[in-house]
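Chemist: I am attaching a structure below and will ask some questions about it afterwards.
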Amino acid sequence: MRYTIKAYNKTLNRNFGVLSLFLPDLDVNVVEIKIIAIDENEAIGKARRHTREREYFDVIKIEE
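Per the numbering used here, residue 2 is the first one in the sequence shown, and the count goes up by one each step.
This is how it looks when you write it as structure tokens:
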């Protein structure tokens, strides 16, 4: 199966002062990777190997 993985970091909204309590965190350094794998865990593992300095990985799309 072909997976599209979103790899990214999150940053806090510290620049907005008190409003930062109500704003969601921003996604930064976003990269989308297309990987062929057997399941989601293998796809995320391969994405971790190919991208450095990213903390979060989400499966966006699965194609057969």
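Note that beta-carbon positions come from the ideal geometry of N, C-alpha and C, so glycine has one too.
In the DSSP assignment, find the alpha helix (DSSP H) that holds A48 and state where it starts and stops.
Modeler: Taken as a continuous stretch (DSSP letters only), the alpha helix (DSSP H) holding A48 covers E41 to H51.
Chemist: Does the Cβ of Y4 have 16 or more other Cβ atoms within 10 Å, making it buried, or fewer, making it exposed?
Modeler: When all chains shown are included, Y4 counts as buried.
Chemist: In chain order, what residues of the same chain lie with their CB nearer than 7 Å to the CB of I63, ignoring the 5 residues before and after it?
Modeler: Once the five neighbours on either side are set aside, the close Cβ partners of I63 are M2 and Y4.
Chemist: Give me whichever residues DSSP pairs with F58 in a beta bridge.
Modeler: For F58, which the question treats as bridged, DSSP gives the partners A8.
Chemist: Could you give the distance in angstroms between the alpha-carbon of E54 and the alpha-carbon of E65?
Modeler: About 29 Å.
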